[in-house]
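Data first, discussion second: the structure below is written as structure tokens.
2 protein chains.
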Amino acid sequence: MNNQGRTAGLPTLEDVARQAGVSTATVSRCLNNPAQVTEATRARVMEAVEKLRYTPNFGARALAARRTNTYGAVIPTMENAIFARGVQAFQDALASIDSTLLVASSNYEASVEESQIRNLVARGADGLLLIGADRDPAIYDFLAERGIPVVLAWAIGNQPGVSFVGFDNEAASRKLAEKALKLGHRRIAYISAQSIHNDRARARVEGVRAAMKAAGLDPQSLRLVETHYSIKRGKAAFHTLMEGEDRPTLVMCGNDVLAVGAVMAAREMGIDVPGDVSVTGFDDIEIATVVSPPITTVHVPHRKMGNLAAQALLRQTLEGKPPETICLETEIAERASLGPVG
Amino acid sequence: MNNQGRTAGLPTLEDVARQAGVSTATVSRCLNNPAQVTEATRARVMEAVEKLRYTPNFGARALAARRTNTYGAVIPTMENAIFARGVQAFQDALASIDSTLLVASSNYEASVEESQIRNLVARGADGLLLIGADRDPAIYDFLAERGIPVVLAWAIGNQPGVSFVGFDNEAASRKLAEKALKLGHRRIAYISAQSIHNDRARARVEGVRAAMKAAGLDPQSLRLVETHYSIKRGKAAFHTLMEGEDRPTLVMCGNDVLAVGAVMAAREMGIDVPGDVSVTGFDDIEIATVVSPPITTVHVPHRKMGNLAAQALLRQTLEGKPPETICLETEIAERASLGPVG
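Protein chains in written order, with UniProt numbering: chain C, 1 to 342; chain S, 1 to 342.
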């Protein structure tokens, strides 16, 4: 994947592996954790490194002269503004030191994200912003081998070697659910994003289940619908939930875009929000205030998060500081879509 | 700007200039328009090129082997979804051939856009998507010198050497204005994006003026407010327009985001839309259907435009086809925010 090698005809990790007759993983272990390989293997690999005059990228990277002042971000989607504001703040912070941000969007697909990460590294990105922590460990190894500083935003996790600038999705979602339970809601449904490869989505659902359990309800009684993020999907999911008996009195949504769809579907169906059914969102993006009634949601400090994520990444990249974790406070934005049980 | 050179330790244009004791501009003139430099200068530069074994990037570019399968896009903003849908479609088309799209956003600033364009080229972009045609000619020279295929979208223009995949902003805006004039509107105001470096914004205003003229009105009687694209700015601009005597009966907006702001401001002010004042937008992004009343706007076929822009760029990049111009049809999306004069 070392494009700098490819484009300039320099030897790559792959070339060294071929020459030494070992796997690329073995070559990088020799270079990064020699203790993990036998002396014989190390000797063979180092001979190949010598012979091919191979310079590992992370070595070059240490030289400021080799810096590109370009940073990369891979976000799940550019459609709907979920990530737009935070990424814009991230970019503004980089622009203030004349660095450029290049953004790729993975469409919530793990394999696409992986190739975009490799591509951004191949293009010489000095550091990366990624969303959440839920990805193949091999990707973190790949980035660590190349010494690429990484900041993960929108979540807090325990991935070693990377910075986290995010918030506690579960606690935030739990707080909102507790508020709804206090208003008497018992029949609760949840419209979630696809939870696979999405730690934020899973944590938000868990927060609601935790609140239900604490209130003496069966967490498994939560009616869960998973769908893609879009107003249209939110509408469809709300229709599904309202079909048949035993309608929920509260429809919580994993994201404001889904909540907007739910509120619009309710209007189409002649269901009063919050009179008949309450709806909540998550994120507090602008669209939550545009729909009527405006949506009660979890306010995520997107601009602050984007700015602090940039600062953390720059401290790692330019000052060689160790990774850090910054957990931001969220709050409930109280609007009209959540009310007491009718 | 030759990053392949920099990161791989190959000689750069700067190295050649230093060696020859001339400016980098002179070096690239020697390489691209030798006629513009004296024979003596050319000889000195070429000697340096020989000595350093310098290979200009645009030369390397001709070799398919040097392709990165990475394309770049520079859009004015990632906030609000104006460009999101079209860029997503553009990316989807590239993804279908396993190419990656890297996106930079310029915040509507010409100097930022220029450095992002140079950066994407330095990162090895095989081709670029840019919005509109309104930029420093030197940028087109820079791209032409390096043989980087370019497609300009969201507008149609006559810049030689690049493809256009867009629509006629003036005609689309004129058609909507004609519709409003037929409904009896005479006191018309327009909330526009900043028109500097924004050919789309200027064309949309011109379309309204043309319709006014054709209807026997003084085009200069159009009350024009220029502001940045945001719901907040749209609200503020609407407030300004409603202050004092002689309120307009129609407020046309250069973009749906501004129109949403105008409709929300009207609600706050107790002004009925369209009973007291009609509001129109432009783009037909999702938010136009979320606000109440939903906004009558110009429907731009964003997905189709993004997809066709990718096809045109790939034809140039992979098949060496000449640039082409594709002008898409727009239509009026009739909703509730435009009505007859009360």
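Just so you know, even glycine gets a beta-carbon here, dropped at the ideal spot from N, CA and C.
Can you tell which of the options has its C-alpha closest to the C-alpha of residue i?
i, options, result
"S:D126", "S:R85, S:R67 and S:A180", "S:R67"
"C:L130", "C:T317, C:I117 and C:L258", "C:I117"
"S:A144", "S:V341, S:T26 and S:P323", "S:P323"
"S:R202", "S:T26, S:R29, S:C253 and S:M78", "S:C253"
"S:R335", "S:L176, S:L314, S:S23 and S:I196", "S:L176"
"C:S221", "C:P301, C:R187 and C:V291", "C:R187"
"S:Q159", "S:S173, S:V121, S:T289 and S:D134", "S:D134"
"C:E178", "C:G147, C:G207, C:I196 and C:A155", "C:G207"
"S:L94", "S:S106, S:T77, S:Y71 and S:I156", "S:Y71"
"C:R209", "C:A155, C:L241 and C:A180", "C:A180"
"S:I332", "S:A288, S:I326, S:L308 and S:Y108", "S:A288"
"C:S173", "C:A237, C:A211, C:A73 and C:N307", "C:A211"
"S:M264", "S:G244, S:K235 and S:L224", "S:K235"
"C:K51", "C:T12, C:S111 and C:D92", "C:T12"
"S:G124", "S:S337, S:D92, S:P340 and S:A73", "S:A73"
"S:M242", "S:I231, S:A266, S:T227 and S:A259", "S:A266"
Could one say the Cβ of residue i lies closer than 8 Å to chain C's Cβ atoms, at least one of them?
i, result
"S:A104", "yes"
"S:R85", "yes"
"S:V260", "yes"
"S:N198", "no"
"S:S111", "no"
"S:L130", "no"
"S:L314", "no"
"S:V291", "yes"
"S:S115", "yes"
"S:A81", "yes"
"S:R233", "no"
"S:M264", "yes"
"S:G124", "yes"
"S:Q88", "yes"
"S:E329", "no"
"S:T297", "no"
"S:M78", "yes"
Secondary structure at residue i, three-state DSSP: helix, strand or coil?
i, result
"residue 347 of chain S", "This structure cannot speak to residue 347 of chain S, because chain S is shown only from 1 to 342."
"S:R186", "coil"
"S:Y140", "helix"
"S:M252", "strand"
"S:G306", "helix"
"C:L102", "strand"
"S:T296", "strand"
"S:E206", "helix"
"C:L217", "coil"
"S:R223", "strand"
"C:V273", "coil"
"S:L328", "strand"
"S:I287", "helix"
"C:A81", "coil"
"C:G339", "coil"
Within 10 angstroms of its Cβ, does residue i collect 16 or more other Cβ (buried), or is it exposed?
i, result
"C:G166", "buried"
"C:G132", "buried"
"C:D199", "buried"
"C:Q316", "buried"
"S:K182", "exposed"
"C:C327", "exposed"
"C:A310", "buried"
"C:E79", "buried"
"S:A40", "exposed"
"C:P248", "buried"
Does residue i get closer than 8 Å to chain S when you measure Cβ to Cβ?
i, result
"C:M305", "no"
"C:V300", "no"
"C:T240", "no"
"C:L94", "no"
"C:L52", "no"
"C:I287", "yes"
"C:L183", "no"
"C:Q91", "yes"
Is any non-hydrogen atom of the ligand NAD found closer than 7 Å to the C-beta of residue i, if you look at the structure I gave you?
i, result
"S:S105", "The ligand NAD is absent from the structure shown, which contains no ligands of any kind."
Is the CB of residue i under 8 Å away from at least one CB in chain A?
i, result
"C:R174", "Of the protein chains in the structure, C and S, none is chain A."
Given 8 Å, three or more beta-carbon pairs between the segment 211-220 of chain S and the segment 131-144 of chain S: no
Is it the case that the segment 151-162 of chain S contacts the segment 183-191 of chain S, given that we only count it when at least three CB pairs across the two stretches are under 8 Å? no
At least three beta-carbon pairs within less than 8 Å, the segment 90-103 of chain C to the segment 106-125 of chain S: yes
Counting pairs of Cβ atoms below 8 Å between the segment 281-301 of chain S and the segment 254-264 of chain S, do you hit three or more? yes
May I ask you to verify whether the segment 292-299 of chain S touches the segment 267-281 of chain S, counting CB pairs closer than 8 Å and requiring at least 3? yes
Would you call the segment 78-87 of chain C and the segment 296-312 of chain C touching, i.e. three or more CB-CB distances under 8 Å? yes
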